[in-house]
DNA sequence: CCCTTTCATTTGAAATTTCAAGCCAAAGAC
DNA sequence: GTCTTTGGCTTGAAATTTCAAATGAAAGGG
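Residue numbers (our numbering), protein chains in the order written: chain A, 544 to 698; chain B, 544 to 698.
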């Protein structure tokens, strides 16, 4: 049973802003995914898994850390890495120091593939997001995102 | 083959803002979905399909219009409506005026179920989004969303 | 009218994601 | 040491989404 507290509705402006933002939430990922898929046959998340690995020393990272970085559940990451492995972009290897951790490692092929994909993706991010906002708006957006994420992460 | 134009990278602030916003893009839908799923066994999109129908005269709408409203592809909507139909929340009926349009119609049960689900969802939207932002930030967000969506929708 | 074309939607299969075990290495308990 | 317990990851099955036809009604053409 849901407890019926005060159903405090949204004001007209709040509702309008929320609706608009919701639309953005649904459209922007699709638009970014579309470009990556078309030009590099990568999903947004696959891209960020590869990108996450490139930045690490040894281009390797523990699965669970990678999951946090890419904002996905471990199970999903595991399946996804299996697919990237099949394509030759990533390898798996148990952590030599502690056998119950597993490392995902970016291969040379994976690194090269990412390097091919990156410029197009960055161009798309610029085109759809960065370049349409002025610096002030971008700062506000940054701050707002901080606040909302902080609230979400409050236990 | 991808044409290697100038790979104009992002500045430090641009990158930081983008990263943060990206995280929001992945976290907020999940947090909203979570509440709806837990309390009402509805996905975010299912909720908005039902909500979209409630606002229509006769609580009915053409599938293709509903798809635009809910920001989903027609095929996905069709499967999704089939599931809602199985649950008794929606019915389908060809448009009496033009047999190749199909109407999705909210049933009384669907309407009642939505009414049960709405307060909790709105509370969550308030809690995670509206109430953490001040009016100025909300306005800026609204405007920014407008701009980005406009850019995405430019052919 | 019949024949093609177009449009709105559905359908089934393939790919992906979610969910609920399952597995195995390390850490503790005795 | 052996025996549980815990933690990190994988796995297979179920649910959902995506993709590529397929269907069926209306519109156009001759």
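Quick reminder that beta carbons are idealized off the backbone N, C-alpha and C, glycines included. Source: prediction; values computed, not measured.
field: Contact the region 659–677 of chain B vs the region 614–621 of chain B: 3+ CB pairs below 8 Å
entry: no
query: If we count the other Cβ atoms within 10 Å of its Cβ and call it buried at 16 or more, is residue 653/A buried or exposed?
result: buried
task: Note the first and the last residue of the continuous alpha helix (DSSP H) segment covering residue 581/B.
output: 555–583
- prompt: Excluding the five sequence neighbours on either side, which residues of its own chain have a C-beta within less than 8 Å of the C-beta of residue 602/B, listed in chain order?
  reply: 596, 648, 649 and 654
- prompt: When the Cα atoms are used, what is the spatial distance from residue 586/B to residue 605/B?
  reply: 21 Å
field: Span separating the alpha-carbon of residue 675/A from that of residue 690/A
entry: 22 Å
query: Near residue 646/B, which residues of its chain fall below 8 Å by C-beta distance, leaving aside the five closest residues on each side in sequence?
result: 603, 604, 605, 606, 635, 636, 637 and 638
task: Name, please, each residue of chain B whose Cβ falls closer than 7 Å to the Cβ of residue 672/A.
output: 561 and 691
task: Let me know the secondary structure DSSP gives residue 603/A once reduced to three states.
output: strand
message: residue 588/A and residue 671/B - do their beta-carbons sit closer together than 8 Å?
response: no
field: Start-end ranges of the beta strand (DSSP E) lying completely within the region 594–669 of chain A, minimum 3 residues
entry: 603–605, 633–637 and 645–649
- prompt: Considering residue 691/A, what are the terminal residues of the alpha helix (DSSP H) in which it resides?
  reply: 678–696
Closest by C-alpha distance to residue 579/B, when choosing among 600/B, 673/B and 667/B: 667/B
DSSP-derived helix/strand/coil call for residue 587/B: helix
message: Which residue wins for smallest C-alpha separation from residue 684/A, given the options 621/B, 669/B, 567/B and 553/B?
response: 567/B
field: Proximity below 8 Å, CB of residue 627/B to CB of residue 592/B
entry: yes
query: Taking Cβ positions only, does residue 641/B come closer than 8 Å to chain A?
result: no
- request: For chain A, find out if any of its Cβ atoms is closer than 8 Å to the Cβ of residue 574/B; answer yes or no.
  value: yes
task: Alpha carbon to alpha carbon, how far is residue 640/A from residue 565/B? Give it in angstroms, no decimals.
output: 33 Å
query: From residue 644/A to residue 693/A, what does the alpha carbon distance come to, in whole angstroms?
result: 29 Å
task: Use the C-beta contact count for residue 625/A: other C-beta atoms within 10 angstroms, 16 or more gives buried, fewer gives exposed.
output: exposed
field: Spatial neighbours of residue 575/B in its chain, beta-carbon cut-off 8 Å, leaving aside the 5 residues before and after
entry: 587, 664, 667, 668 and 671
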